[in-house]
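K.L.:
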Amino acid sequence: MHPNAQLIHDFYGALARKDGAAMAACYAPDGQFSDPAFGVLNASEVGAMWRMLTARAADLEVVLSQVRADDASGAAHWDASYTFSKTGRKVVNRIDASFRFRDGKIVRHEDQFNLWRWAAMALGPAGALMGWSPPMQRAIRRQSRQALDAWMQREAGVR
1 MHPNAQLIHD FYGALARKDG AAMAACYAPD GQFSDPAFGV LNASEVGAMW
51 RMLTARAADL EVVLSQVRAD DASGAAHWDA SYTFSKTGRK VVNRIDASFR
101 FRDGKIVRHE DQFNLWRWAA MALGPAGALM GWSPPMQRAI RRQSRQALDA
151 WMQREAGVR
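Residues in the sequence shown are numbered consecutively from 1, following UniProt numbering.
1) Who are K90's beta bridge partners in DSSP?
2) Could I get the ranges of all uninterrupted beta strand (DSSP E) runs contained in the UniProt domain "SnoaL-like" (9–109), with 3 residues as the minimum, in chain order?
3) Is the segment 45–64 touching the segment 140–150 in the sense that three or more CB pairs, one from each, lie closer than 8 Å?
4) Whose C-beta lies closer than 8 Å to the C-beta of E155 among residues of the same chain, with five residues either side of it excluded?
5) Candidates C26, A25 and V40: which alpha carbon is nearest Q32's?
6) Thinking just about the alpha-carbon of each residue, which of S34, F38, H9 and A37 is nearest to the one in C26?
7) Within a Cβ cutoff of 7 Å, which residues of the same chain sit near A14, ignoring the five residues on either side of it in sequence?
8) Might you give, ordered along the chain, the residues of its own chain that have their beta carbon closer than 6 Å to the beta carbon of V92, omitting 5 neighbours on each side?
9) When you compare the segment 123–134 with the segment 97–111, are there three or more beta-carbon pairs, one atom per stretch, that lie closer than 8 Å?
10) Between which two residues does the alpha helix (DSSP H) carrying G127 extend?
11) Check this for me: beta carbons of D35 and D103, under 9 Å apart or not?
12) Indicate whether V67 and A5 have their beta-carbon atoms separated by less than 9 Å.
13) Let me confirm a value: H77 is counted as buried when at least 16 other C-beta atoms fall within 10 Å, else exposed. Which label applies?
14) Sort out for me which residues DSSP pairs D111 with in a bridge.
15) Put S133 into one of helix, strand or coil per three-state DSSP.
Here it is as structure tokens:
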């Protein structure tokens with residue numbers, strides 16, 4: 001197995017174990033992450049995001065498939081099943097991930113998923129009816145960012 005394919009397996013293994021710190025350690029110091037819910041995050045923000053999400057995910061199940069990688073790039077598909085903590089609704093999110101690597105670390109990580117579909121599961125009828133709309137998607141990103149900022153402030157207070 002290519003070392004970067006192993007890195008992908010290790011990364012999602014850490015997610016399945018709910019080990020956000022191990023996930024954060026997979027990123028280069030200048031690493032970047034993006035997805036439809038959080039937008040673009042730098043390495044310290046993405047580490048905090050994974051720590052936050054794994055801490056809140058009591059019933060998280062991760063299924064990884066279609067892993068491929070070479071010296072510079074990689075991709076994988078992963079399904080995350082969990083209860084969305086804010087509403088208590090069950091979510092099964094199907095995600096396509098792409099990666100860029102440097103020196104055995106992730107420098108770019110982009111997750112793609114259908115935000116409307118996610119909103120329908122996580123938010124219920126309002127998400128199903130309005131999850132496609134730019135205002136609803138902006139509200140989801142704003143709430144995600146606010147949750148992350150609050151988490152990062154709590155982490156900073158602990159250290």
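Even for Gly, the Cβ is constructed at its ideal location relative to N, Cα and C.
P.N.:
Taking the geometry as given:
1) T83
2) 27–35, 39–42, 61–69, 73–84 and 89–102
3) yes
4) A48 and R51
5) V40
6) H9
7) A22 and M23
8) S81
9) no
10) P125 to M130
11) no
12) yes
13) exposed
14) A97
15) coil
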